[in-house]
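Participant:
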Amino acid sequence: MSASAAADTTRPTSSGVLRALRRAVHPTDPVETARALVTGGSVRIALCVDCPDELDAVGRALGICRRMLAADPPELRGYAVADCRRL
């Protein structure tokens, strides 16, 4: 089996990425909604963070993504987060 065929069988799903993201979200994080898109070898995550200050919201969203990646979830092994946006 080629390396690309092996990667296809372990490709993360959007629901798997969202499960990994939910594990990284703390109860005090002001996350309203989250979305994930898996395309090719990358994952795109969009978070709706409720903060009055945009810089604070961006910082919190990046912190959540950092915690998720630091946990090294099996759903994301071998993939890169290409984009993290605030909705």
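For what it's worth, the numbering used here labels the leading residue of the sequence shown as 3, then goes sequentially. The C-beta atom is built at its ideal place from N, Cα and C for all residues, glycine as well. The model shown is predicted, which means the values in this text are computed figures rather than measured ones.
1) With a threshold of 6 Å on Cβ separation, who are the neighbours of residue 23 within its own chain once the five nearest residues in sequence on each side are excluded?
2) What are the partner residues of residue 79, as DSSP defines its beta bridges?
3) If residue 27 and residue 33 are in contact, beta carbons under 8 Å, what's the gap, nearest whole angstrom?
4) Under a Cβ-count criterion, where at least 16 other Cβ atoms within 10 Å of its own Cβ denotes burial, should residue 79 be classed as buried or exposed?
5) By DSSP's criteria, residue 33 is part of a beta bridge. Which residues make up the other side?
6) Assign residue 56 to one of two classes, buried (16 or more other C-beta atoms within 10 Å of its C-beta) or exposed (fewer than that).
7) Once the 5 residues before and after residue 20 are set aside, which same chain residues still bring their CB inside 7 Å of it?
8) Put residue 19 into one of helix, strand or coil per three-state DSSP.
Facilitator: Let's see:
1) Taking the sequence shown and counting its residues from 1, one reaches residue 23 at position 21. Result list for residue 23: 36, 70, in chain order.
2) Translated into the one-based positions of the sequence shown, residue 79 becomes position 77. Residue 79 pairs with nothing; no bridge assigned.
3) On the sequence shown, residue 27 is found 25 positions in, with the first residue counted as 1. On the sequence shown, residue 33 is found 31 positions in, with the first residue counted as 1. Yes, residue 27 and residue 33 are in contact; Cβ-Cβ is about 5 Å, under 8 Å.
4) Taking the first residue of the sequence shown as 1, we reach residue 79 at position 77. Answer is exposed; the Cβ neighbour count stays below 16.
5) Stepping through the sequence shown from its first residue, residue 33 is reached at position 31. According to DSSP, which records beta bridges pairwise, residue 33 is partnered with 51.
6) What you label residue 56 is simply residue 54 of the sequence shown in a count that begins at 1. With fewer than 16 other Cβ atoms within 10 Å, it is exposed.
7) On the sequence shown, position 18 is the one that residue 20 refers to. So the qualifying residues of the chain are 36, 38.
8) By one-based count along the sequence shown, residue 19 stands at place 17. Helix.
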